[in-house]
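Chemist:
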Amino acid sequence: MAGRIRQADVDEVKSRTNIADIIGERVALKSAGVGSMKGLCPFHDERSPSFNVRAQAGFYHCFGCGESGDVYSFLRAMDHVTFTEAVERLAGRIGYTLHYEDGGAAPETTGRARLYAANAAAAEYFRGQLASGEADTARRFLGERGFDAGAAAHFGVGYAPKGWSHMHDALRAQGFPDDVLSAAGLVSQGQRGVYDRFRGRVVWPIRDVTGQVIGFGARRLYDDDSGPKYLNTPETTIYKKTQVLYGLDLAKRDISREHRVVVVEGYTDVMACHLAGVTTAIATCGTAFAADHITVLRRVMGDDSTAGEVVFTFDPDAAGQKAALRAFADAKRFNAQTYVATGPQGLDPCDLRLERGDGAVRALMDAKVPMVEFVLDQRISGFDLASVEGRVGALRVAAPVVAELRDPLLQPEYVRVLARRLGMDTEDVRREVAGAGRRAAARPDGSTAPPAGDDSAPVVRVTLASLPRSADLERDALMGVLQFGHRLDVDLVERALAFPLRNAALDAVRQAIVAAGDRTRVGWAADAVNSVREPYRSLGAELLSARFPAHTDDGAVASAIDLLRGLLARAIDSEKSELLGAIQRVTPDSEEGRRIRLQLRELDVQRRRLVEES
């Protein structure tokens, strides 16, 4: 039986993996100085990026919530996999063959990895079935909507055959047991035994942001199918419908580059948009667009400014209007500007492309209107604006929408927009909006006070911001060693860090660096940080992740060398000062006096040598 993965293999896989590539599949990263990248933290909700990734060190750290670690800890936290699964996944990604030691724990083969494998096998099975004779109805369904074989292949569309257990039997033959297929949501249990969840339907694979199949969406094709029109994978360990966005794996790169996302309502709408050139389109999977979806998108967009755009497409019917109002309630969590695009004559992107071509889909996005205006129009549409009572009623339901706008520049502009819409005096509208804001602030759920009875002790964290100005030299020198130690002279580093530092927190980090040993191996700095004693470990993580004050790698190395020399010079001067005080207290011709004078001469030699080296 295979045992624990050999440590040399664990280290080798880590050294060959660029942590920025792995994290970049989930978080939009941009340059944040020499050797550092930054994005929105995937571990907590934030508006400004405080999540730093240092690829050279194979390390990440969030200055907001304090989470930090290496590529294995990132995968374990994000995907809830075991350590063994994380190593195996990365090894498979780079084509590295792992070796196992006898007598250790067997590698995990029945957890999430098996669910991913089962879904991948099912997706391949469905794709193959689309070419079968029985799938003529499915091919006709796709063709009638403008999707040829190439489009189906691009999106991985397949067909689930009619019958009882065709897919089940095929996957059982590949070695997948019933408990795994059930846990993956692929089969159900009935009175006649295990049967396929998806039967007689066209099937879309639903992938996570890394491209792994985690579930399926299936559309009814036959009149004798009494099931719902659309059927999705149920909640599983890897499929959470409130966090899943169809098409995100295909759209993420353009979303990150353009800082724009288009939210449509269905699988065929996503296909139509992408084929028409709107490659940032995504859709929810059988659930309303909500807060968790926004969190996922914001990380991909990297919308730490107002430059981004989120465009929602809604049907103009009552259901579409209701969806728009729900989306508006959550969309305020975006930093990006939000818009609504409604197709002519109520056509969704798929029908619009079919009737009027790709250009019409692209034009739909250009015809977007700000979501605030769309919601205001929806709010006041039911009132008779020709009557005084109608205008007053419309103002009362529309004012809270304007009051909720957090941008101080937008709110007065929309006061004027609403006044024009209603044909009312601007000052009357402004007063009603201000009153709506005060009423909202007075509600219990608008309070910012902590819950009563919350006496939990605060988490103590020493941070860079809490260090005194007197510690600047020590701080920057340690930052330079952690980030560029692999390029620094070993002797200089050892001499400079041989002396205790004045700041206790920074000295705890120094001790961990000294104990780390070889600074040429990949990942040494992350290991050193992980060994810093509490409560100073988070400070070590910040030193490794913070932006070093330099514009190039060579400049950073030169600066780090200067800082270490400064640290060493300070230590020499401090020791010399102590010896000068000591020699005043001894007889000059004594053995002790001669010893101190020799030490002073040696320190002078070291100081001159240090100056000559600079």
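First residue of the sequence shown? That's 0 in numbering that gives the first Met the number 0, and the numbers climb one at a time after it.
The beta-carbon is built from N, C-alpha and C at its ideal position, and this holds for glycine as well.
Going straight from the alpha carbon of Glu234 to that of Ala183, what length do you get?
Modeler: On the sequence shown, residue 234 is found 235 positions in, with the first residue counted as 1. On the sequence shown, residue 183 is found 184 positions in, with the first residue counted as 1. Their Cα atoms are separated by approximately 9 Å.
Chemist: With distances taken Cα to Cα, identify the nearest neighbour of Val513 among Gly132, Val528, Leu463.
Modeler: Working through the sequence shown from its first residue, we reach residue 513 at position 514. Cα-wise, what sits closest to Val513 is Val528.
Chemist: Quickly, what does DSSP pair Pro204 with across the bridge? List them, please.
Modeler: Position 205 of the sequence shown, counting from 1, holds the residue named residue 204. According to DSSP, Pro204 bridges with Phe215.
Chemist: Rounded to whole angstroms, what is the Cα-Cα separation between Ala151 and Gly246?
Modeler: Along the sequence shown, one-based indexing puts residue 151 at 152. Along the sequence shown, one-based indexing puts residue 246 at 247. Ala151 and Gly246 have their C-alpha atoms spaced approximately 13 Å apart.
Chemist: Using only the alpha-carbon positions, how far apart do Gln188 and Arg171 sit?
Modeler: On the sequence shown, residue 188 is found 189 positions in, with the first residue counted as 1. On the sequence shown, residue 171 is found 172 positions in, with the first residue counted as 1. For the pair Gln188 and Arg171, the Cα-to-Cα distance works out to about 15 Å.
Chemist: To the nearest angstrom, how far is the alpha carbon of Asp427 from that of Val416?
Modeler: The residue you call residue 427 lines up with position 428 of the sequence shown. The residue you call residue 416 lines up with position 417 of the sequence shown. Using only the alpha carbons, I get a separation of about 13 Å.
Chemist: With C-beta atoms as the reference, is Ala137 less than 8 Å away from Tyr158?
Modeler: Indexing the sequence shown from 1 puts residue 137 at position 138. Indexing the sequence shown from 1 puts residue 158 at position 159. Cβ distance < 8 Å, so Ala137 and Tyr158 count as in contact.
Chemist: In the structure shown, what three-state DSSP assignment does Ala182 receive?
Modeler: The residue you call residue 182 lines up with position 183 of the sequence shown. Of the three classes helix, strand and coil, the one that applies to Ala182 here is helix, per DSSP.
Chemist: Would you identify the three-state DSSP class for Gly103, choosing helix, strand or coil?
Modeler: Mapped onto the sequence shown, residue 103 falls at position 104. The predicted position of Gly103 is uncertain, since its pLDDT is 47 and thus under 50; a value taken from the coordinates is nonetheless stated next. Coil, per DSSP.
Chemist: By a C-beta neighbour count over all protein chains shown, 10 Å radius and 16 as the cutoff for buried, is Arg196 buried or exposed?
Modeler: For this step, residue 196 is matched to residue 197 along the sequence shown. Arg196 is buried by the Cβ-count criterion.
Chemist: What are the boundary residues of the beta strand (DSSP E) that Cys40 is part of?
Modeler: Taking the sequence shown and counting its residues from 1, one reaches residue 40 at position 41. Where Cys40 is concerned, there is no enclosing beta strand (DSSP E), given that its DSSP letter is neither H nor E.
Chemist: Label Cys550 either buried or exposed according to how many other C-beta atoms from any shown protein chain fall within 10 Å of its C-beta, with 16 as the threshold for buried.
Modeler: As a working mapping, residue 550 is identified with position 551 in the sequence shown. Checking the sequence shown, residue 550 turns out to be His, not Cys. Result: exposed.
Chemist: Do you know whose CA, among Asp475, Gly522, Gly142, lies nearest Leu505's CA?
Modeler: Mapped onto the sequence shown, residue 505 falls at position 506. Nearest of Asp475, Gly522, Gly142 to Leu505, Cα basis: Asp475.
Chemist: Fully enclosed by the region 130-199, which alpha helix (DSSP H) runs are 4 residues long or longer?
Modeler: 135-143, 148-154, 165-172, 177-182
Chemist: Quick one: Cα of Ile18 to Cα of His98, how far?
Modeler: The residue you call residue 18 lines up with position 19 of the sequence shown. The residue you call residue 98 lines up with position 99 of the sequence shown. The straight-line gap from Cα to Cα measures roughly 22 Å.
Chemist: Around the C-beta of Val12, are 16 or more other C-beta atoms found within 10 angstroms, so that it is buried, or is it exposed?
Modeler: For this step, residue 12 is matched to residue 13 along the sequence shown. Burial is judged here by how many other beta carbons sit within 10 angstroms of a residue's own beta carbon; Val12 has at least 16 and is buried.
Chemist: Can you tell me the Cα-Cα spacing of Arg536 and Ala525, whole angstroms?
Modeler: As a first step, residue 536 is located in the sequence shown; it is residue number 537 there, counting from the start. As a first step, residue 525 is located in the sequence shown; it is residue number 526 there, counting from the start. Distance between the alpha carbons of Arg536 and Ala525: 11 Å.
Chemist: Can you tell me the Cβ-Cβ gap for Val201 and Ala217, rounded? I've got them flagged as a contact below 8 Å.
Modeler: Position 202 of the sequence shown, counted from the start, is the residue given in the question as residue 201. Position 218 of the sequence shown, counted from the start, is the residue given in the question as residue 217. That pair is a contact at about 7 Å.
Chemist: Put Arg518 into one of helix, strand or coil per three-state DSSP.
Modeler: Within the sequence shown, numbered from 1, the residue matching residue 518 stands at position 519. Coil.
Chemist: Assuming Ser530 and Gly479 form a contact by the criterion Cβ under 8 Å, report the distance between their Cβ atoms to the nearest whole angstrom.
Modeler: Reading the sequence shown from its first residue, position 531 is the one you call residue 530. Reading the sequence shown from its first residue, position 480 is the one you call residue 479. Wrong, their Cβ atoms sit about 19 Å apart, outside the cutoff.
Chemist: Look up Pro369 in the DSSP assignment and say whether it is helix, strand or coil.
Modeler: Numbered from its first residue, the sequence shown carries residue 369 at position 370. In the structure shown, Pro369 sits in a strand (DSSP, three-state: E or B).
Chemist: According to DSSP, simplified to helix, strand and coil, what is Ser255?
Modeler: For the purposes of this step, residue 255 is identified with residue 256 of the sequence shown, where counting begins at 1. Ser255 falls in the helix class under three-state DSSP.
Chemist: Pick helix, strand or coil for Thr267, following the three-state DSSP scheme.
Modeler: Reading the sequence shown from its first residue, position 268 is the one you call residue 267. The three-state secondary structure of Thr267, taken from DSSP, is helix.
Chemist: Alpha carbon to alpha carbon, what distance is there between Val33 and Arg518?
Modeler: Numbered from its first residue, the sequence shown carries residue 518 at position 519. Numbered from its first residue, the sequence shown carries residue 33 at position 34. Rounded to whole angstroms, Arg518 to Val33 spans 19 Å at the Cα level.
Chemist: With distances taken between CB atoms, is the gap from Ser49 to Cys61 smaller than 8 Å?
Modeler: On the sequence shown, position 50 is the one that residue 49 refers to. On the sequence shown, position 62 is the one that residue 61 refers to. Using a Cβ distance threshold of 8 Å, Ser49 and Cys61 count as a contacting pair.
Chemist: Identify every residue that forms a DSSP beta bridge with His60.
Modeler: Here residue 60 refers to the residue found at position 61 of the sequence shown. Per DSSP, Asn51, Ser67.
Chemist: Rounded to a whole number of angstroms, what is the C-alpha to C-alpha distance between His292 and Gln344?
Modeler: Reading the sequence shown from its first residue, position 293 is the one you call residue 292. Reading the sequence shown from its first residue, position 345 is the one you call residue 344. If I take the Cα positions, the gap works out to 29 Å.
Chemist: List the residues that DSSP assigns as beta-bridge partners of Ala340.
Modeler: Indexing the sequence shown from 1 puts residue 340 at position 341. According to DSSP, Ala340 bridges with Thr312.
Chemist: Return the bridge partner residues of Asn231 from the DSSP annotation.
Modeler: Within the sequence shown, residue 231 is the residue found at index 232, counting from 1. DSSP, once it has assigned bridges, lists Gly216 as partnering Asn231.
Chemist: Just how far apart, CA to CA, sit Gly192 and Asp177?
Modeler: On the sequence shown, position 193 is the one that residue 192 refers to. On the sequence shown, position 178 is the one that residue 177 refers to. Distance between the alpha carbons of Gly192 and Asp177 is about 11 Å.
Chemist: Could you compute how far the alpha carbon of Ala340 sits from the alpha carbon of Leu375?
Modeler: Within the sequence shown, the letter at position 341 stands for residue 340. Within the sequence shown, the letter at position 376 stands for residue 375. Roughly 15 Å separates the two Cα atoms.
Chemist: May I ask which residues mark the beginning and end of the alpha helix (DSSP H) holding Ala397?
Modeler: Within the sequence shown, residue 397 is the residue found at index 398, counting from 1. Segment 387-402, the alpha helix (DSSP H) holding Ala397.
Chemist: Have a look at Gly214 and Thr96 and give me their C-alpha separation to the nearest angstrom.
Modeler: Along the sequence shown, one-based indexing puts residue 214 at 215. Along the sequence shown, one-based indexing puts residue 96 at 97. Their Cα atoms are separated by approximately 28 Å.
Chemist: Spatial neighbours of Asp8 within its chain, please: CB distance less than 8 Å, with the 5 preceding and 5 following residues excluded, ordered by chain position.
Modeler: Position 9 of the sequence shown, counted from the first residue, corresponds to residue 8. Closer than 8 Å at Cβ, skipping near neighbours: Val86, Ala90, Tyr95, Leu97, His98.
Chemist: Around the Cβ of Ser544, are there at least 16 other Cβ atoms within 10 angstroms (buried) or fewer (exposed)?
Modeler: Walking along the sequence shown from the start, residue 544 turns up at place 545. With 16 or more other Cβ atoms within 10 Å, it is buried.
Chemist: Just to confirm the assignment: which complete alpha helix (DSSP H) runs, minimum length 4, are found wholly within the region 466-496?
Modeler: 471-483, 489-495
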